[in-house]
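A short worksheet on the structure shown next.
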Amino acid sequence: MRRFVRENGLSLFCGAIFLAAVFGQSVAGHRAFDEEQIAHGSQRISYARYLVSSEFGSAVLENWQSEYLQFTVFILATVWLVQRGSNESKPPEDAGLESDERQKVGPHAGPRSPAWAKAGGWRTHLFSNSLLIVMLVIFLGSWLGQSVASWNEYNASQQQHRQRTVSWAQYLGRPDFWEKTMQNWQSEFLAIGTMAVFTIYLRQRGSPESKPVGAAHDETGSSG
């Protein structure tokens, strides 16, 4: 058990703080929602009901879709684009898909390589892009879920104020939906851009997200 925890500490830690943050968000969100309901002369709802509400779903998925968009864009961009000196980039001479030998696929696969890396054909091609595909699917799914939840939330607010509701397609054309969406996207793009540049000149000893402390500023794609 101790060995399992030690070897999987990063994923366990991230999972724990994720659950703690979602719980904190749900508690704070429920209280804020109830306060708004009272202010509008409406009834409060239970915590359990809030967890399945459009308000909570929209708030959660709004962040998920922007995070997975960040991963999708960064994974794809770093295949072809480089940043000299950045730990988040490949060396300039390695830009692109690289050779089968370098990627250890097909006849170049090792004895411990995944089966689909050895298989060749469509299976190797699919496995070669599986990380990008999964990130893209999660992004699209969470974006769709967020748009539906936000649409329901918007229509509920419209009904509460005795105003006309809109279809999902009409809601997608509303500026407030895209204002919230772009608000999240711009922060994610800023984060990955600054990370790529900061790792040129800044260091964190012992972190694989940083170059070794003594590495030259123009050294690219090394870990400390």
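Using this note's numbering, read the sequence shown as starting at 27 and increasing by one per residue.
Cβ atoms here follow ideal geometry from the backbone N, Cα and C, with glycine treated the same way.
Remember, it's a predicted structure, so these values are computed and weren't measured experimentally.
- Leu228: not part of any alpha helix (DSSP H); DSSP gives it neither H nor E.
- In the pairwise beta carbon analysis, the region 55-70 is classified as not touching the region 144-152: fewer than three pairs are separated by under 8 Å.
- Glu88 is not a Cβ neighbour of Thr225, given a cutoff of 8 Å.
- Taking one beta carbon from each stretch, the region 82-97 and the region 162-169 have 3 or more pairs nearer than 8 Å; the two touch.
- Within a 10 Å sphere around the beta-carbon of Glu119 sit fewer than 16 other beta-carbons, which makes this residue exposed.
- For the alpha helix (DSSP H) assignment, the uninterrupted runs of no fewer than 4 residues enclosed by the region 74-109 are, from N- to C-terminal side, 80-106.
- Note that the C-beta distance between Ala85 and Gln51 is below 8 Å.
- Burial state of Ala143 is buried, judged by a 10 Å Cβ sphere holding 16 or more other Cβ atoms.
- For Ala217, there are no CB contacts under 6 Å within the same chain when 5 residues up- and downstream are skipped.
- Secondary structure of Lys206 (DSSP, three-state): helix.
- With a contact defined as Cβ atoms closer than 8 Å, Asp244 and Arg110 qualify at about 6 Å.
- For the pair Gly219 and Lys116, the CB atoms are not nearer than the 8 Å cut-off.
- Counting other Cβ atoms within 10 Å of its Cβ, Trp204 stays below 16 and is therefore classed as exposed.
- Within the region 110-137, the runs of alpha helix (DSSP H) at least 4 residues long that lie entirely inside it are, in chain order, 126-129.
- Annotated three-state conformation of Lys237 is coil, per DSSP.
- With 16 or more other Cβ atoms inside 10 Å of its own Cβ, Glu81 counts as buried.
- In this structure, Thr207 keeps its C-beta atom at 8 Å or more from the C-beta atom of Leu158.
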